[in-house]
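**Student:** Sharing a structure, written as structure tokens. Questions coming.
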Amino acid sequence: GFRGDGARLPALCSLRGGADAEAGAAADIRRNLEDVQAQVRDAAASHGRGVPRLVAVSKLMPASAVQAAFDTGHRAFGENYVQELIGKAPQLPDEVEWRFIGNLQSNKAKSLVAGVPNLAVVETVDTAKIATA
Numbered sequence: 321g322f323r324g325d326g327a328r329l330p331a332l333c334s335l336r337g338g339a340d341a342e343a344g345a346a347a348d349i350r351r352n353l354e355d356v357q358a359q360v361r362d363a364a365a366s367h368g369r370g371v372p373r374l375v376a377v378s379k380l381m382p383a384s385a386v387q388a389a390f391d392t393g394h395r396a397f398g399e400n401y402v403q404e405l406i407g408k409a410p411q412l413p414d415e416v417e418w419r420f421i422g423n424l425q426s427n428k429a430k431s432l433v434a435g436v437p438n439l440a441v442v443e444t445v446d447t448a449k450i451a452t453a
């Protein structure tokens, strides 16, 4: 993501392999999420604005990474791919506020809505056909 000044915010986590990955991932996610939240708060304050909602994008991240961020108190998550979201959502708490942020094809709209009961927003409705699917 980008800050208001165009600088890139750090990723909450990166994919790593091995047994140590799980152990270190939760700590990395907590630390990185706190850093990003502080940067967002500072940027908002410096521009005289309220703090916006931070949506953590779970693109290609395992459900365990989303769970680690959820465990820190974060609730808003975005996903780019319908199949990824349909696969992750049942593995995570119902309190997760899912936002679909990818390109939604009309033939996948119904499966997205049916497969993710806690879907809060579809950010990418670009045709009437998708809106009524």
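The opening position of the sequence shown corresponds to residue 321 in the numbering used here, with each subsequent residue numbered one higher. Even for Gly, the Cβ is constructed at its ideal location relative to N, Cα and C.
1. Mapping the DSSP letters down to three states, classify Arg-369 as helix, strand or coil.
2. Taking its Cβ as the centre, do 16 or more other Cβ atoms sit within 10 Å of Gly-422, making it buried, or is it exposed?
3. How long is the line joining the alpha carbons of Thr-452 and Lys-430, rounded to whole angstroms?
4. Please give the ranges of any alpha helix (DSSP H) in the stretch 356-403, keeping only runs that are unbroken, at least 4 residues long and fully inside the region.
5. Using 8 Å for Cβ pairs, my map puts Ile-397 next to Arg-419. What's the rounded Cβ distance?
6. Report the option in Leu-405, His-367, Val-356, Ala-388 whose CA atom is closest to the CA atom of Val-441.
7. Enumerate in chain order the residues of its own chain whose CB-to-CB distance from Gln-411 is below 6 Å, with the five nearest sequence positions on each side excluded.
8. Residues bridged to Leu-439 by DSSP?
**Tutor:** The short version:
1. Walking along the sequence shown from the start, residue 369 turns up at place 49. Coil at Arg-369, not helix or strand.
2. As a working mapping, residue 422 is identified with position 102 in the sequence shown. Buried, because 16 or more other Cβ atoms sit within 10 Å of the Cβ of Gly-422.
3. For the purposes of this step, residue 452 is taken as the residue at position 132 of the sequence shown. For the purposes of this step, residue 430 is taken as the residue at position 110 of the sequence shown. Those two C-alpha atoms are separated by around 10 Å.
4. 383-391
5. As a working mapping, residue 397 is identified with position 77 in the sequence shown. As a working mapping, residue 419 is identified with position 99 in the sequence shown. Sequence check: residue 397 is Phe here, not Ile. Going by Cβ atoms, the distance from Phe-397 to Arg-419 rounds to 7 Å, so yes, they are a contact pair.
6. Position 121 of the sequence shown, counted from the start, is the residue given in the question as residue 441. Checked all of Leu-405, His-367, Val-356, Ala-388; the closest Cα to Val-441 is Leu-405.
7. Reading the sequence shown from its first residue, position 91 is the one you call residue 411. Closer than 6 Å at Cβ, skipping near neighbours: Ala-383.
8. For the purposes of this step, residue 439 is taken as residue 119 along the sequence shown, with counting starting at 1. Checking the DSSP bridge columns, you'll see Leu-439 partnered with Trp-418.
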